[in-house]
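**Student:**
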Amino acid sequence: MEIGFFFWPYHVALVRAMAEAADTLGYDMVGIADTPGIAMDPWVATTLLAEGVRRARVAVCVTNLVTRHPAVAAASIASVDLLAPGRALLGVGVGHSGTRNLGAASLPAGELGEGVTFIKELLRGRPASYHGGTAHLPWVKRPSPVFLAASHPRSLKAAGAHADGVFINYGLAADNVVESESVVVRAARAASRDPDQIEIWQIACLDCSADGNASRRKIGAILAFVSAYVMGGGDLARRGVPAEHRAALLELRRRYSPRPGEADAALVTELGLFDYLSRRLAICGTPEECLAQVRAAQAAGVRRLMFSVSLAVDPVATVRLFGEKVLPAVRS
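Read in order, the letters of the sequence shown correspond to residues 4 to 335 in the working numbering.
1) Could you tell me if A16 is buried or exposed, where buried requires 16 or more neighbouring beta carbons within 10 angstroms of its beta carbon?
2) Can you tell me whether DSSP reads M32 as helix, strand or coil?
3) List the DSSP bridge partners of E202.
4) Quick check: what's the CA-CA separation for V319 versus G135?
5) Mind checking whether L255 and S230 have CB atoms under 9 Å apart?
6) Applying the criterion that 16 or more other CB atoms from any shown protein chain within 10 Å of the CB defines a buried residue, is L125 buried or exposed?
7) Any chance the CB of G243 is under 8 Å from a heavy atom of the ligand FMN?
8) Count the other CB atoms within 10 Å of the CB of N216; is the residue buried (16 or more) or exposed (fewer)?
9) Would you say the segment 73 to 86 touches the segment 137 to 156, given that touching needs at least three Cβ pairs under 8 Å?
10) Could you check where the alpha helix (DSSP H) with L294 kicks off and where it finishes?
11) What are the uninterrupted segments assigned as beta strand (DSSP E) that are 3 or more residues long and contained completely in the segment 44 to 84, given in chain order?
12) Look at the alpha carbon of A152 and the alpha carbon of A213, and state the distance between them as a whole number of angstroms.
13) Whole beta strand (DSSP E) runs in the segment 110 to 167 with 3 or more residues, listed along the chain?
14) Would you list the residues sitting across from L337 in a DSSP beta bridge?
15) Within the same chain, show all residues whose beta-carbon is closer than 7 Å to that of R258, passing over the 5 residues directly before and after it, in chain order.
16) Report the three-state DSSP secondary structure of V95 (helix, strand or coil).
17) How would you call H155, buried or exposed, if buried means at least 16 neighbouring beta carbons within 10 angstroms?
18) Which residue's Cα is closest to the Cα of L175: M309, D167, T289?
19) Using only the alpha-carbon positions, how far apart do P245 and V233 sit?
20) Please name the residue, chosen from E292, E247, A166, that lies closest to F121 on a Cα-to-Cα basis.
21) Starting from F325 and walking both ways along the alpha helix (DSSP H), at which residues does that stretch end?
22) Nearest CA to the CA of M32: which residue from L85, A91, A74?
23) Looking at A177: is its Cβ nearer than 9 Å to the Cβ of A285?
24) Opposite A285 in the DSSP bridges: which residues?
25) In its own chain, which residues sit with a C-beta less than 7 Å from the C-beta of E292, not counting the 5 before and 5 after it?
26) With a cut-off of 8 Å on the beta carbons, I'd call K221 and V316 a contact; round off their distance for me.
27) Go ahead and pull the three-state DSSP assignment for S230.
28) For V186 and G163, what's the separation of their Cα atoms in angstroms?
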């Protein structure tokens, strides 16, 4: 199993500590999230990360094509590749906090494929057109992979049809994994692509600490944040949500904040959603508990895990403890 993590780059020292942990402990990928209303600029942070990481892949996980023009995103990831040759990866999504906290609308999922195709052409060093304009990046040394972040059918289909890989945020239970990955596979085949050439990573929230109860108390904030876009506000039955949790999830979506904090953690508990959301969307607790949950995800069909650690009790300590105690056991 390949395992990586991504985080909100709150400050320079955090980025450097995460780079050191990623390489020292043997993570396969480390990424920076684009959420400028919450943390520092992702491209500055990714540059710092690329300078500090010598082995793991370096990802922007993820940016969007609303506040970042796709030609600029292409040039940026090609620049990162000069610092981390052959290890840079661009993740793109519709927006969420990266757009909402700046007062912008998310990109319609139906437009993701066009943006990804445009970026991939530019990264091959060829001229490409987008929304009536043509761009060219003749200086690019090699094409970095372009992934889509996807939780809903339209974005999953776009990933299968156009992207080099996909970060799926839908759930770690066996039915969640089968449902989400099958959409990607069907879309790839419909586009005459080999599904095995599309790299699939499942996203989950991670909080690993010696005090499992502290991790469980804290992780509610990111569960509220993530579930708001994973589940959406539409037909929750079609999102695999059991009937007994649907009303509470709609209320959570109405009340949560895109700048998550303690109030959101309390809200998840208040609405009786913690057990359900943590089982579906998270790995949390002591190292022993986390190991059991990762093995359950493996048994459910997960081959690659990308962890969100931004709101852990201590993000650096979580990455280090998981890397020291859980990663070796998973790989043995």
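C-beta: ideal position from N, C-alpha, C; glycine also.
**Tutor:** The structure says:
1) Classification for A16: exposed.
2) If DSSP states are grouped into helix, strand and coil, M32 belongs with the strands.
3) Beta-bridge pairing links E202 to G168.
4) A straight-line Cα-Cα distance of about 44 Å links V319 and G135.
5) A contact, by the Cβ cut-off of 9 Å.
6) Buried.
7) No copy of the ligand FMN appears in this structure; indeed no ligand is present at all.
8) Exposed.
9) Contact between the segment 73 to 86 and the segment 137 to 156 is present, because at least three Cβ pairs lie under 8 Å.
10) Where L294 is concerned, the enclosing alpha helix (DSSP H) starts and stops at 290 to 302.
11) Whole beta strand (DSSP E) segments, 3+ residues: 60 to 67.
12) Near 31 Å, if we compare the C-alpha coordinates of A213 and A152.
13) With a minimum length of 3 residues, the continuous beta strand (DSSP E) runs that stay inside the segment 110 to 167 are 131 to 133, 136 to 138, 149 to 153.
14) This structure leaves residue 337 out entirely; the chain is present only between 4 and 335.
15) So the qualifying residues of the chain are L270.
16) V95 falls in the strand class under three-state DSSP.
17) Result: buried.
18) Per the Cα distances, M309.
19) C-alpha separation (whole angstroms): 14 Å.
20) It is A166 whose Cα lies nearest to the Cα of F121.
21) Bounds of any alpha helix (DSSP H) do not take in F325, whose DSSP letter is neither H nor E.
22) Among L85, A91, A74, the Cα nearest to that of M32 belongs to A91.
23) No, Cβ-Cβ distance for A177 and A285 is not below 9 Å.
24) Beta-bridge pairing links A285 to C208.
25) Cβ contact annotation for E292 (same chain, cutoff 7 Å, sequence separation greater than five): G215, in chain order.
26) Yes, they are in contact, since the Cβ atoms of K221 and V316 sit about 5 Å apart, within 8 Å.
27) It is helical.
28) Using only the alpha carbons, I get a separation of about 8 Å.
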